[in-house]
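Worksheet: one structure, shown below.
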Amino acid sequence: MTTPCDDAPLACFPLPRIGTGVDIHPFAAGRPMRLAGLDWPDEPVGLAGEPDGDVVVHAACNALLTAADLGDLGAHFDTSTPEWEGAAPTVLLAETARLVSNAGFRIGNVSIQLIGEHPRLGPRRVEAQKVLTAALGAPVFLGAATPEGLGWIGRGDGLAAIANALIVEVPSVNGG
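One point on numbering: in numbering that gives the first Met the number 0, the residue at position 94 of the sequence shown is 93, and numbering is uninterrupted.
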């Protein structure tokens with residue numbers, strides 16, 4: 000007995016999709032620092048941006064949405080509405096995971112690189128990974144780099160993050 004996979008074996012294995020997301024925000028006085036799903040109460044300034052400026056989470060959401068061909072963060076989270084105004088970063092990440100799942104994909108993992116001079120991610124990296132992994136329901140890996148004084152981020156005026164997301168289409172029950 001043969002199956003359709005005998006003639007075209009690669010057609011029976013869903014190909015992974017990879018999305019890349021970027022987010023950049025300047026620091027803003029008078030705002031609390033929320034970064035990588037965590038509050039950073041010892042930081043003197045937070046990040047500009049809606050709803051919270053969390054560049055790590057926003058880059059991850061953009062990477063996931065891009066991989067699933069669902070647009071970007073702004074297409075799904077209108078922060079001028081009560082539903083998303085002031086939403087916690089983990090809420091945005093969990094909702095993004097729901098959107099990706101509803102579009103027929105399973106999240107493999109997300110890898111995020113934070114770029115900036117401060118705060119130092121190292122001491123809280125594992126804690127942040129646990130929080131983000133729990134919110135997403137899939138592994139999240141974090142790293143950080145400093146721009147060594149180059150550009151406005153290197154001068155300490157803000158932060159950036161770049162994320163890559165791996166997702167795989169979930170085959171339908173009828174094999175399609």
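All residues carry an ideal CB built from backbone N, CA and C; glycine is no exception.
- prompt: Where do the ends of the beta strand (DSSP E) carrying H117 lie?
  reply: As a position in the sequence shown, residue 117 is number 118, starting the count at 1. From DSSP, H117 is part of no beta strand (DSSP E); its letter is neither H nor E.
field: Which listed residue (I23, G29, A35, G18) has its alpha carbon closest to that of P122
entry: Residue mapping note: residue 122 aligns to position 123 of the sequence shown, counting from 1. Comparing Cα-Cα distances from P122 to each of I23, G29, A35, G18, the minimum goes to A35.
field: Rounded C-alpha distance that separates D195 from L37
entry: No answer is possible for residue 195: the residues shown for the chain start at 0 and end at 175.
DSSP three-state assignment for A28, whether helix, strand or coil: Against the sequence shown, residue 28 aligns to sequence position 29. Here A28 sits in coil by DSSP.
query: Name the DSSP bridge partner or partners of G142?
result: On the sequence shown, residue 142 is found 143 positions in, with the first residue counted as 1. DSSP lists Q112 as partners of G142.
query: Taking the Cβ atom as the reference point for each residue, do L113 and A143 lie within a distance shorter than 8 Å?
result: Translated into the one-based positions of the sequence shown, residue 113 becomes position 114. Translated into the one-based positions of the sequence shown, residue 143 becomes position 144. Closer than 8 Å, so yes.
- request: Examine the Cβ distances between the segment 86–98 and the segment 50–64 and report whether three or more of them are shorter than 8 Å.
  value: Yes: at least three Cβ pairs fall under 8 Å.
message: In this structure, how does DSSP classify E42 when only helix, strand and coil are distinguished?
response: Position 43 of the sequence shown, counting from 1, holds the residue named residue 42. In the structure shown, E42 sits in coil (DSSP, three-state: anything other than H, G, I, E or B).
query: Tell me which same chain residues have a C-beta within less than 7 Å of the C-beta of Q128, skipping the five on either side of it?
result: Working through the sequence shown from its first residue, we reach residue 128 at position 129. Cβ contact annotation for Q128 (same chain, cutoff 7 Å, sequence separation greater than five): V139, F140, L141, in chain order.
field: Straight-line Cα distance separating N101 from A67
entry: Here residue 67 is taken as the residue at index 68 of the sequence shown, counted from 1. Here residue 101 is taken as the residue at index 102 of the sequence shown, counted from 1. Between A67 and N101, the C-alpha separation is close to 10 Å.
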